[in-house]
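Those letters in the sequence shown? Residues 0 to 888, by numbering that gives the first Met the number 0.
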Amino acid sequence: MRKEIGPTTKQVVFFLSVIVFFCSFQFPAVSASQQLFTPGIYLTLPSGREVEAGEVVTYIFRVENQTDETVSFEVEAASSQGWPLLSTTPELTLAPNAEDYLVYSLLTPATVLAGTTDQLRLTLKENGNEQDFIVRTVVKPVRLLQWEPVPLLRAQAGEEIFFPVRLKNLGTTAERLELEIKSENGWPIYYNSINDPVYPGQEGQVLISCYVPEAIPAGTLEEISLRLLDSGPETAELKLKILITQSETAQKDQDLAIPLNSMVSFNYIPPRPNANLPWNLTWKTRGDLSADTHFDLFFNSAYEVPAPTAAYLGVTGDEWALRLGALGHNWDGPVPPPTYSSLLYFQNQRRLPWRLWIGPFTQEGAPLWWGTGLSFKQPDLQFNYLHNLEDDSYFQHSLAGIYQLYASPLYGWKLTTKGILGLGETEPLTQGGIALSHRQEDWELTGEFQQGTDFYNQSAFNEFALTAYVYPPMQPSLTTGFSMRNETPPAAPNLLSSMLWSELIFNNHRLGMAYTLRSDGEIKEIKAGTIRRGLQSSLSFSANYRREDLSSQRQTLILGANYRYRFNADNYLETLLKETFNSGPGQPGNVPELGFRWRYRAANQPWNCFGLIQWDLSAEPVNRISAFQSGFGAQIAPGTSWQVYAQLSFEENNPLYSMIFRLEHNDLYFLPSPWSGIHGKVFVDLNRNGIYDPGEPGLSGLPVLLNGSQATLSKEDGSWEIPFTGTGRQLLDFPPQHQNYYTLQTKKELFTERYKSLSVLVPYLPPTEVRGQLFIDTNRNNTYDPGEKGLSGVMLTVFDRNHQLIMEKSANVDGAFFLSLLPGEYILKLEEESLAVDYLPPEPFVFNVTTASPLLLPVALRPVTKEIEFSSEEIIPPEFWDGYTEESW
């Protein structure tokens, strides 16, 4: 007789009574970092980071297995903002009393707004246990949190400068801004007040004017302080600096230094029988090798084995990234590599993106595997090659190709095909697939078919999947799908399975169902959950049911409740209730659990505490603590803190107590760089004085050549940098013309020195303004004289010396016309069709444009000379026809 699953009346009454009891009080809740996964399994969370837009931040999670059994996890990681993640590891296996690391590099978009918070959610799954660990990444404002000032202002003695200062409201209430502005040396300062309130997300702008006295010597540095009145202690005072110079110059030579942000963590752990040392040392360092090149260094010494178990180095450039260390890989090919970690990873995101992976080394010193990937944008084609050097493997070479065709971008169709070929053994292995998707504004449909042979177990398979997503705005979202897979292992019976699932989400409610039909039975699953959120509290319920009718019948029902109350941003209390009902051979009985989790940080105090306690209410004869962790820490100096925490776990029902002391220090210092560099700016010299003046725009996209090879392109503000140059003679080349601007300084010769970056300013001149005058030359002297009239409506064409058309112009009402031309030789021609018949068109003539501006170009027009005509009726006197004789004289 089968035993049906179901809680007893006593258990249900007890469970509901506990829920009602805790819901009647407003206990604080947490969604804070969790360090205990299951008894004996610990995960150490990295601290959250504040990053700038476009920065790469690396998080390293430490997972410890303090039990005597091998544990395997399913690992998922996702960014709440959808930011790209590097190093996804789908599985993690830990031997008894071992540890491993999960490394994730989060790419912050360059256009993200200040104050945006991303939650990196790491999910671990193991034998029905699932838990989320969250690390928060906050994007810092551009410069000073709320303030966005100009870092350094330059002015001359006797000058009055104007500059705006913007203040962004990142809070949640409207603010009225009242400022107090002071000058360090008492210089006259005026500003316009802000009368209207600044609402959340808006910016308030203050226009400040400062007069520099005439007697101030060059080199003086003045400081102006801006303070918000009645703003509270969280709004820092803003300090602006004005440098008095003799002439406005933009850049100087710089001493090169590497900023290092270092964190050292020392943990003292009670000695264990299999431990080599009773301590653990962790060192993390990040810094900037140049403006576009960042690096992260991580080192951890483990106490279980004599050698270090983890070392990681990551270097990220503007369009490339390098990672060294056996801490997982982010292989994206259809056939996965044989290990979950790689020793080296490099990616290049320039015109032709490509990547390189090198796996861990064997005892012979050769990599166990290596691979590469190549991507094309047009067409959308991706190639992956994997070289497998395992001894007992079914393939040595794997070549995969994925092609995406957007059949109609207007209507959202996309076709994806892929093919994989495995070589190196007796018979080639193949896989192939095709997927078709169609996406609209509020729904999406995807169909996929795959067929081939598994490269690791030689199982032949074919699979079909169909998935639909419906997400109308302000309506419930539905996800449903069907999949069918037929797999034939080499020495096992055929396994046919099909699955139908659906998930419905509406506001804070979730309901999901799945039905799996296999050759050996069936599986049914139902999951439901809901959450109610308040201003400071939240209450959630969940229920998961699973029934397996395979070789044996098993049933599991898990009911859970979670109440959270948050006193403020740092302090919370959380209550957890969970009851598991099991039925089937080898399954434990009913397991009720109760737990609390808390964190407290005193306001304006350097100390904090946290903890977790969990009871197993099914233990006989009395309830026992199944897990306990409590910590206390304090900050003793800026960047230095200590922490002591005690924990209790169980290994085969034997309690294991430990107390750990941790000392952590953060520091920022600068190292002289062993290389040299060149930086500079290309700008439009509007006043043609050869010096960069504030307000002159930069030129973007200008190629800079170093010793004959293109080294970099200028940015939007015209700045550019060439790091890591050698010392000695260097030759820079700049294009003569760029964006209709020209320069007379196409070459620069300089000598670089170690530890220095030389500054190079290259002015580009705007086109020379040519003023022309089309006039009627009445006195025929080819000179435009006062009183001579201009001629309008005449079309003029300008050609270069190769007779290529440059532009067409029309003279205005008074005959004037204007041409913007680069220096060179040009030909001017008048269109006869636009010229009245009363004037003679001049011959095309050549004129030269030089750097002198303006250039006056007169174009003379002469009227047509008319002959005297007589009419046939005019009477001519007869004596006019008499000939000449001496008598008439």
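We put the beta carbon where it would ideally sit given N, CA and C, even for glycine.
Should glutamate 715 go down as buried or exposed, given a rule of 16 or more other Cβ atoms within 10 Å for buried? exposed
Mark leucine 255 as exposed unless 16 or more other C-beta atoms lie within 10 angstroms of its C-beta, in which case mark it buried. buried
Taking the straight line between their C-alpha atoms, what separation do you get for phenylalanine 631 and alanine 97? 26 Å
With a threshold of 16 other CB atoms inside 10 Å of the CB of glutamine 738, please say whether the residue is buried or exposed. exposed
Does serine 79 come out as helix, strand or coil in the three-state DSSP assignment? coil
Return helix, strand or coil for leucine 144, following the three-state DSSP convention. Confidence at leucine 144 is low in this model, with a pLDDT of 40, below 50, so its placement is unreliable and the value that follows should be read with caution. The answer is coil: DSSP assigns leucine 144 none of H, G, I, E or B.
Limits of the unbroken beta strand (DSSP E) element including tyrosine 311: 309–315
Please list, in chain order, all residues of the same chain as threonine 219 whose beta carbon is under 7 Å from its beta carbon, the five residues on each side excluded. Ile243
According to the Cβ coordinates, are threonine 122 and leucine 93 closer than 8 Å? no
Going by DSSP, which residues form a beta bridge with glutamate 832? Per DSSP, none; premise fails for glutamate 832.
Taking contact to mean at least 3 C-beta pairs separated by less than 8 Å, is the region 210–217 in contact with the region 179–188? yes
Can you give, in chain order, each stretch of the beta strand (DSSP E) that sits fully within the region 634–718 and has at least 3 residues? 639–650, 653–671, 675–683, 702–705 and 708–712
Tell me the residue span of the beta strand (DSSP E) that contains asparagine 561. 552–565
Out of Thr371, Thr529 and Thr425, which one is the CA nearest neighbour of serine 392? Thr425
Which of helix, strand or coil DSSP assigns to tyrosine 825: strand
Is the beta carbon of lysine 755 sitting closer than 8 Å to the one on aspartate 252? yes
What residues in its chain sit with their C-beta under 6 Å from that of asparagine 266, if we drop five residues either side in the sequence? Asn279, Ile659 and Arg661
What did DSSP end up calling proline 45 once you bin it into helix, strand or coil? coil
Does the region 825–838 come close enough to the region 783–798 to have 3 or more Cβ pairs within less than 8 Å? yes
Among Arg753, Pro163, Leu611 and Gln395, whose alpha-carbon lies nearest the alpha-carbon of valine 205? Pro163
Can you grab the Cα-Cα spacing for the pair glycine 411 / leucine 435, in whole Å? 11 Å
Pair within 8 Å by beta-carbon distance, phenylalanine 382 and glycine 400: yes
In the DSSP output, which residue or residues are listed as bridge partners for tryptophan 892? The structure shown does not extend to residue 892, since the chain spans only 0 to 888, so no value can be given for it.
For glutamate 202, write down the residues that DSSP places opposite it in a beta bridge. Lys167
Going by the beta-carbon positions, is the gap between leucine 698 and glycine 717 smaller than 8 Å? yes
Can you tell me the Cα-Cα spacing of glycine 771 and valine 858, whole angstroms? 7 Å
What separation, rounded to the nearest whole angstrom, lies between the Cα atoms of alanine 491 and serine 476? 41 Å
Asparagine 507 by DSSP, collapsed to three states: which one? coil
Using a Cβ-Cβ cutoff of less than 6 Å, which residues in the same chain neighbour arginine 322 once the five nearest sequence positions on both sides are dropped? Gly313 and Tyr344
Could you compute how far the alpha carbon of glutamine 65 sits from the alpha carbon of threonine 292? 39 Å
Expressed to the nearest angstrom, what Euclidean distance is found between the alpha-carbon atoms of leucine 670 and serine 629? 39 Å
Taking only three categories from DSSP, how would you classify histidine 293? strand
Classify glutamate 129: buried if its beta carbon has 16 or more other beta carbons within 10 angstroms, exposed otherwise. exposed
Limits of the unbroken beta strand (DSSP E) element including aspartate 391: Note, aspartate 391: premise wrong, no beta strand (DSSP E); not H, not E.
Member of Trp319, Ser78, Ala320 and Ser340 whose CA lies at the smallest distance from the CA of glycine 327: Ser340
Can you tell me whether proline 45 is buried or exposed, with buried defined as 16 or more other CB within 10 angstroms of its CB? buried
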